[in-house]
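Engineer: Numbering (the UniProt record's numbering), first residue to last: 1 to 640.
There's a structure below that I have some questions on.
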């Protein structure tokens, strides 16, 4: 149904050298896409939006949540195919985006850690962190080979984007995109909502205006486009409460605050190097009350974790995240702010804890920034809908998030790092085809498992007119095993995946992790259960050190299992899943070797990551953190 008709009906009710090896440069006439069947593509990407799971009074499902807090996304929800079991294959920002852009698992492209850099980069050689290898296929490169324009506006965050110049270099040419949003809005504190253009921090308003400007110039008969509009928010929620309420938390660490007699140092001082927003103008410091519950239904405290033998990594990441972004008391009687010592030798760092009421306040804060980004999405959609019918009716819209956000689930105040919990990697995916050629049964939510590793092949197949003929040669070896998303778009009866995988391998220096909690986390989820492995790798390899492995297992046949509260690692399926992962799935899927001409680049990427990882792990506070060096390199408190 066309959007105009839909609204009427509802109103009545209420890298060049490698391209020759990609298998696309010599398409035969019989396999080439039908140009008349190639739609425009508007790819809307948001940051940190989980699939709705906690609701205020009067709302009981995702549709109701989107209707209240994201009306523009709700419009897409009603007109499109919606997936309620879509999962990201990697976290955090950079690894997740690397998967979506290349269609490769993070342990195939070896982009495992989030890139942290200042917005304006004068000397890229100073930043040693690995970036996405430009040799890999991307949806930008492949769609260009199919005749598409590939403008990219907004957050990129998988390499150090260069400033466009007068010679035609746009900053992401090596990756197959026409980029115009320099400096890259990677997501510092308050950046999605406010930004600070004078210091190089573009906001979501800037991104929506840029995307709208591109659309305004589209004319009937133009070359088809795939416009990526990539927003920062609701990423601002990750900085709750220490970043969103920066003055309150900074004041806690002053000598005369009365709560810091030991003079502990703040983990990250806001606004710091990010956007400079006057305190009086900062609306995020006082989120409205949307009538959320006092606690998420699957909230847990430290005693619950201990009783359920939760992996030690979760305790580490909770404490570390609270050190950077602020904590919340687990004591219902606590009504004031406190500061506790961070448990790391020689750091003398303090973890600020907000009152117990901040668990609810955090849910309100999340909804607040969700509403903000929906407004910017609306600007882009309204511009599209103002174009001639021949353009509007031939534009497929894809909406997705790069990863989720805890927002209090399981007692984690913020973030998406280092666990297998659904809130971290279960996100919405919606596809709208106004032509009805690729989609069907739009009133039926797709409940089958799907993965972000399937997204890039889906985008390219949409550009190929619904064909997968572009998967030939090396591309067939790389993407032929990805799930058939086209069938799921067309029919409610098409099956989902038998399982989805998720890897998160973010890194911190060992001195932040005095208990030696494992930092490589791998999840395996089926319709029946979820299994997680938290482990270290054998030295200079990507092989699991079995003696370090800690397990997590949730039986989805039980209510507490579905809520991921009852950890039943004694279930025999846990050991079976571990053997399946280590003996087959990891070597043959998650870390599958790429064919020529990509194999050598894959090896280079892996070596670069392992070297960088060792460098970070071995750093000491007296030479790095306390002097600001590693803080600058890794940017903790920055754009994770």
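C-beta atoms are modelled at their ideal positions from N, C-alpha and C, and glycine is treated no differently.
Would the segment 374-388 and the segment 265-281 be scored as touching if the rule is three or more Cβ pairs under 8 Å?
Structural biologist: Touching, no, given that fewer than three Cβ pairs across the two stretches are closer than 8 Å.
Engineer: Going by C-alpha distance, which of 251, 402 and 224 is nearest residue 353?
Structural biologist: Reading the chain shown from its first residue, position 353 is the one you call residue 353. It is 251.
Engineer: May I have the straight-line CA-CA distance separating residue 346 from residue 134, to the nearest angstrom?
Structural biologist: Sequence index remark: in the chain shown, residue 346 carries index 346 (1-based). Sequence index remark: in the chain shown, residue 134 carries index 134 (1-based). Taking the straight line joining both Cα atoms gives about 41 Å.
Engineer: Which residues does DSSP list as the beta-bridge partners of residue 151?
Structural biologist: By 1-based counting over the chain shown, the position of residue 151 is 151. Residue 151 pairs with 178.
Engineer: Among 228, 198, 222 and 199, whose alpha-carbon lies nearest the alpha-carbon of residue 209?
Structural biologist: By 1-based counting over the chain shown, the position of residue 209 is 209. Minimum Cα distance to residue 209 is reached at 228.
Engineer: Give me the Cα-Cα distance between residue 232 and residue 163, rounded to the nearest whole angstrom.
Structural biologist: As a first step, residue 232 must be located in the chain shown, where it is residue number 232. As a first step, residue 163 must be located in the chain shown, where it is residue number 163. Rounded to whole angstroms, residue 232 to residue 163 spans 19 Å at the Cα level.
Engineer: Assuming residue 221 is part of the beta strand (DSSP E), what are its boundary residues?
Structural biologist: Position 221 of the chain shown holds residue 221. Premise fails: residue 221 is in no beta strand (DSSP E) and is neither H nor E.
Engineer: Can you round the beta-carbon distance between residue 619 and residue 113 to whole angstroms, since I take them to be within the 8 Å contact cut?
Structural biologist: By one-based count along the chain shown, residue 619 stands at place 619. By one-based count along the chain shown, residue 113 stands at place 113. Incorrect: roughly 14 Å between the Cβ atoms, too far for contact.
Engineer: Indicate whether the contact test is met: 3 or more Cβ pairs, each with one atom in the segment 319-334 and one in the segment 355-372, closer than 8 Å.
Structural biologist: A contact exists between the segment 319-334 and the segment 355-372.
Engineer: Around the C-beta of residue 256, are 16 or more other C-beta atoms found within 10 angstroms, so that it is buried, or is it exposed?
Structural biologist: Counting from 1 along the chain shown, the entry for residue 256 is found at position 256. Result: exposed.
Engineer: By DSSP, does residue 313 sit in helix, in strand, or in coil?
Structural biologist: Reading the chain shown from its first residue, position 313 is the one you call residue 313. Three-state result, residue 313: helix.
Engineer: Label residue 324 either buried or exposed according to how many other C-beta atoms from any shown protein chain fall within 10 Å of its C-beta, with 16 as the threshold for buried.
Structural biologist: Position 324 of the chain shown holds residue 324. Under this definition residue 324 is a buried residue.
Engineer: Assuming contact is defined by CB atoms lying nearer than 8 Å, are residue 186 and residue 145 in contact in what I supplied?
Structural biologist: Sequence index remark: in the chain shown, residue 186 carries index 186 (1-based). Sequence index remark: in the chain shown, residue 145 carries index 145 (1-based). Not a contact, by the Cβ cut-off of 8 Å.
Engineer: Can you have a look at residue 147 and say buried or exposed, based on whether 16 or more other CB atoms are within 10 angstroms of its CB?
Structural biologist: Start at 1 with the first residue of the chain shown, and residue 147 comes out as number 147. Exposed, since its Cβ has fewer than 16 Cβ neighbours within 10 Å.
Engineer: I'd like the span of the beta strand (DSSP E) that includes residue 525, first residue to last.
Structural biologist: Reading the chain shown from its first residue, position 525 is the one you call residue 525. First-last of the beta strand (DSSP E) with residue 525: 520-525.
Engineer: Less than 8 Å between the beta carbons of residue 456 and residue 44, yes or no?
Structural biologist: Here the question's residue 456 lines up with position 456 in the chain shown. Here the question's residue 44 lines up with position 44 in the chain shown. In this structure, residue 44 does not lie closer than 8 Å to residue 456 by Cβ.
Engineer: Is residue 600 buried or exposed, if buried means 16 or more other CB atoms sit within 10 Å of its CB?
Structural biologist: Your numbering for residue 600 matches position 600 in the chain shown. It is exposed - the Cβ of residue 600 has fewer than 16 other Cβ atoms within 10 Å.
Engineer: Using the Cβ count rule (16 or more neighbours within 10 Å means buried), how would you classify residue 344?
Structural biologist: On the chain shown, position 344 is the one that residue 344 refers to. The residue in question, residue 344, is buried, as its Cβ has 16 or more Cβ neighbours within 10 Å.
Engineer: Can the beta-carbon of residue 315 be found less than 8 Å from the beta-carbon of residue 299?
Structural biologist: Indexing the chain shown from 1 puts residue 315 at position 315. Indexing the chain shown from 1 puts residue 299 at position 299. No, the Cβ-Cβ distance between residue 315 and residue 299 is not below 8 Å.
Engineer: Could you please give me the residues that DSSP links to residue 451 through a beta bridge?
Structural biologist: For this step, residue 451 is matched to residue 451 along the chain shown. 87, per the DSSP bridge assignment.
Engineer: Starting from residue 507, follow the alpha helix (DSSP H) in both directions and report where the run begins and ends.
Structural biologist: The residue you call residue 507 lines up with position 507 of the chain shown. Neither: residue 507 is in no alpha helix (DSSP H) and is coded neither H nor E.
Engineer: To the nearest angstrom, how far is it from the Cα of residue 377 to the Cα of residue 424?
Structural biologist: Counting from 1 along the chain shown, the entry for residue 377 is found at position 377. Counting from 1 along the chain shown, the entry for residue 424 is found at position 424. So the alpha carbons of these two residues sit roughly 22 Å apart.
Engineer: Taking all protein chains shown into account, decide if residue 284 is buried (16 or more other Cβ within 10 angstroms of its Cβ) or exposed.
Structural biologist: Counted from its first residue, the chain shown places residue 284 at position 284. Counting Cβ neighbours within 10 Å, residue 284 comes out buried, since at least 16 surround it.
Engineer: Can you tell me which of the three DSSP states residue 497 falls into?
Structural biologist: In the chain shown, counting from the first residue as 1, residue 497 sits at position 497. Here residue 497 sits in strand by DSSP.
Engineer: Note the first and the last residue of the continuous beta strand (DSSP E) segment covering residue 534.
Structural biologist: Here residue 534 refers to the residue found at position 534 of the chain shown. 529-535 is the extent of the beta strand (DSSP E) around residue 534.
Engineer: In the segment 232-316, which residue ranges form an unbroken beta strand (DSSP E) of at least 3 residues, counting only runs that do not cross its ends?
Structural biologist: DSSP runs (the beta strand (DSSP E)) wholly in the segment 232-316: none.
Engineer: Taking C-alpha atoms, which residue in 248, 613 and 590 lies nearest to residue 453?
Structural biologist: Position 453 of the chain shown, counted from the first residue, corresponds to residue 453. Closest option to residue 453, Cα to Cα, is 590.
Engineer: Under the rule that 16 or more other beta-carbon atoms within 10 Å means buried, what is residue 428, buried or exposed?
Structural biologist: Looking up residue 428 in the chain shown gives position 428. Flag for residue 428 reads buried.
Engineer: Taking its Cβ as the centre, do 16 or more other Cβ atoms sit within 10 Å of residue 416, making it buried, or is it exposed?
Structural biologist: Start at 1 with the first residue of the chain shown, and residue 416 comes out as number 416. Buried is the call here.
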